[in-house]
Amino acid sequence: ARNILNESFPDRWIGRSGRISWPARSPDLTPLDFFLWGHLKNEVFLTRVLVSLNRTIFVL
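According to our numbering, the stretch in the sequence shown is residues 421 to 480, in order.
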């Protein structure tokens with residue numbers, strides 16, 4: 421793919437291992453940075469209700 425890009429667009433394409441070094445990920449914030457990761461963080465670190473925690477302890 422790089423050879424085709426180099427032939428079609430010499431020194432004018434942006435990508436990994438191209439002439440211009442670009443980061444793998446854009447440093448700009450995206451909507452995913454605000455919504456998705458915040459949502460996942462809330463789900464993973466969700467504090468359990470005491471009743472649910474007691475049920476889990478007594479079942480084990």
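Glycine is no exception: its CB is placed at the ideal position from the N, C-alpha and C atoms.
- [ ] Could you check what DSSP says for residue 452 in three-state terms: helix, strand or coil?
- [x] As a position in the sequence shown, residue 452 is number 32, starting the count at 1. DSSP places residue 452 in helix when its eight states are reduced to three.
- [ ] Classify residue 479 as helix, strand or coil using the three-state DSSP reduction.
- [x] Locating residue 479 in the sequence shown gives position 59, where the first residue counts as 1. Three-state result, residue 479: helix.
Task: Opening and closing residue of the alpha helix (DSSP H) in which residue 434 lies - done: Within the sequence shown, the letter at position 14 stands for residue 434. It is not in any alpha helix (DSSP H) - residue 434 carries neither H nor E in the DSSP assignment.
Task: Rounded straight-line distance, which links the Cα of residue 442 to that of residue 435 - done: By 1-based counting over the sequence shown, the position of residue 435 is 15. By 1-based counting over the sequence shown, the position of residue 442 is 22. Taking the straight line joining both Cα atoms gives about 7 Å.
TODO: Let me know the secondary structure DSSP gives residue 473 once reduced to three states.
DONE: As a first step, residue 473 must be located in the sequence shown, where it is residue number 53. Note: residue 473 maps to helix in three-state DSSP.
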